[in-house]
Structure formats: C-alpha cells, structure tokens
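Everything below concerns the one structure shown next.
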Amino acid sequence: MSLDRTIRWRGLDPVTLEHCHVISTPRDTRIRGTVITPGYGLFYRIKLDDTERVRTVRVERTDGRVLELFSDGAGNWSDDRAEPLPALRHCLDIDLWPTPLTNSLPLWRCQWVIDQPQRFAMAWIDGDEMTVRRDEQIYTQIDATHFRFQNADGFDRLLEVDADRLVVDYPGLFERAG
C-alpha cells in the first residue's frame, strides 16, 4: 500500500472532530490523529509494519493519561513497562474509540472476497476510559465501497469506504468532514 493522505471525520454521537494523517510506504505505515471530544482531546499514533500489522500504538489525552502498547506483529502484546498482555494474544489489529480510522486496519491487511465474512480478534482501546480489552469482530465486503461490520455484542453497521478503504460514512457514529 502506498498512501499519503489527510482525512477528517465528524463524530455524530457524541459530537467530535478528528484530523488524521496516514503515510504508508513499502517499509511501514505511520498514522497520527487528533480527536476533540466534549470531555477531552486525544492524540494517537499507530505504526504498522510492512505487512500492515500493528506494531506500536500510543494514545495520549489532554488530561495527561497515556496508554502505550507494543506488538510483535504475531499477536503478542505488551504494555509500556514490557509487561505481557495475555488477554490480547492473537490480536493483530486495534480498534480505537473514538475514531473510524482503525476500521481500515483489517481492510488494508487482508484479501477480500465479496460476501465472505472474516473474523478478527481486536485489541479494543476505549479512549474514554483509557483501557484495552479483546473484542471479536467480523467484516464482510459487500461491494467495492461497502463493508458490513459486526461485533460479538450484536452491533452491526454497513460502512461506506473510499478507494483507499478509509471510512466515508459510519451510520450513526461518523461521517467524513470536508
């Protein structure tokens, strides 16, 4: 993947504004974003390796709270003190709330066949609470610009994406801004 783009999203519930930049080369992908929520500001950095697997993620809030995670790219995670996080074993991607950017991670990494669901174990990061937990998710490509997103809690949305597989519309939660 080769990409050098700035994207902005507007969160609908709660109302947020996000500015994100993605730079991808044959060597790695680096993502930096800022989200302004009603209660805090959040800055995130994500680094993917050359196979589009998450290697590092840092989430920092304006109140000083920080969450930093490291992966070996094979689904083994540790925190910023090098303590293993066994609950995240086999998670290759992250899903960070409150941004739709991380929905692109499994879309970039995998080969897709129309109407063939793929299941993912995600390291789900809650920016409100600054916690991380495992979350099982399913993505199904519907056509060139739509993916169905489902999680184990019964949440289900039809995401619209652009040619770079970045979210354009996430019904009820996010829409592209400008």
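Residues in the sequence shown are numbered from 20 upward in steps of one, following this note's numbering. Where is the CB? At the ideal position from N, CA and C, for every residue including glycine. Quantities reported herein were computed from a predicted structural model and do not represent experimental measurements.
Chain-order list of residues whose beta-carbon lies under 6 Å from that of residue i (same chain, five-residue window excluded)
| i | result |
| --- | --- |
| Arg128 | Glu71 |
| His38 | Arg27 and Thr53 |
| Asp175 | Gln169 |
| Thr75 | Lys66 and Phe89 |
| Arg84 | Met149 |
Minimum C-alpha distance to residue i - residue among the options
| i | options | result |
| --- | --- | --- |
| Asn95 | Gly173, Glu87, Leu107 and Asp162 | Leu107 |
| Thr25 | Tyr189, Val34, Pro45 and Arg49 | Arg49 |
| Glu167 | Trp131, His40, Arg80 and Ile42 | The amino acid occupying residue 167 in the given sequence is Arg; Glu does not appear at that position. Cα-wise, what sits closest to Arg167 is Trp131. |
| Ile133 | Leu126, Asp69 and Ile161 | Ile161 |
| Ile157 | Asp112, Asp99 and Pro136 | Pro136 |
| Arg138 | Ala171, Leu177 and His40 | Ala171 |
| Leu104 | Leu126, Asp82 and Ala142 | Ala142 |
| Asp82 | Gly58, Ala93 and Glu102 | Gly58 |
| Val41 | Met20, Arg29 and Gly30 | Met20 |
Check whether residue i and residue j have beta carbons under 8 Å apart
| i | j | result |
| --- | --- | --- |
| Thr159 | Val180 | no |
| Asp91 | Leu192 | no |
| Val78 | Leu86 | yes |
| Arg46 | Asp69 | yes |
| Arg80 | Met149 | yes |
| Ser43 | Leu22 | yes |
| Tyr189 | Pro119 | yes |
Per DSSP, the bridge partner or partners of residue i
| i | result |
| --- | --- |
| Cys110 | According to DSSP, which records beta bridges pairwise, Cys110 is partnered with nothing at all. |
| Val76 | Ile65 and Leu88 |
| Asp175 | Gln169 |
Chain-order list of residues whose beta-carbon lies under 7 Å from that of residue i (same chain, five-residue window excluded)
| i | result |
| --- | --- |
| Ala115 | The question names Ala, but residue 115 in the sequence shown is Leu. The answer, listed in chain order, is Tyr63, Val78, Thr121, Ile144 and Gly146. |
| Thr56 | Pro33, Thr35 and Pro117 |
| Val187 | Glu179, Val180, Asp181 and Arg195 |
| Ala140 | His109, Cys110, Arg153 and Glu155 |
| Gly197 | Arg27 |
Rounded Cβ spacing between residue i and residue j (contact assumed at less than 8 Å)
| i | j | result |
| --- | --- | --- |
| Arg184 | Ser123 | 5 Å |
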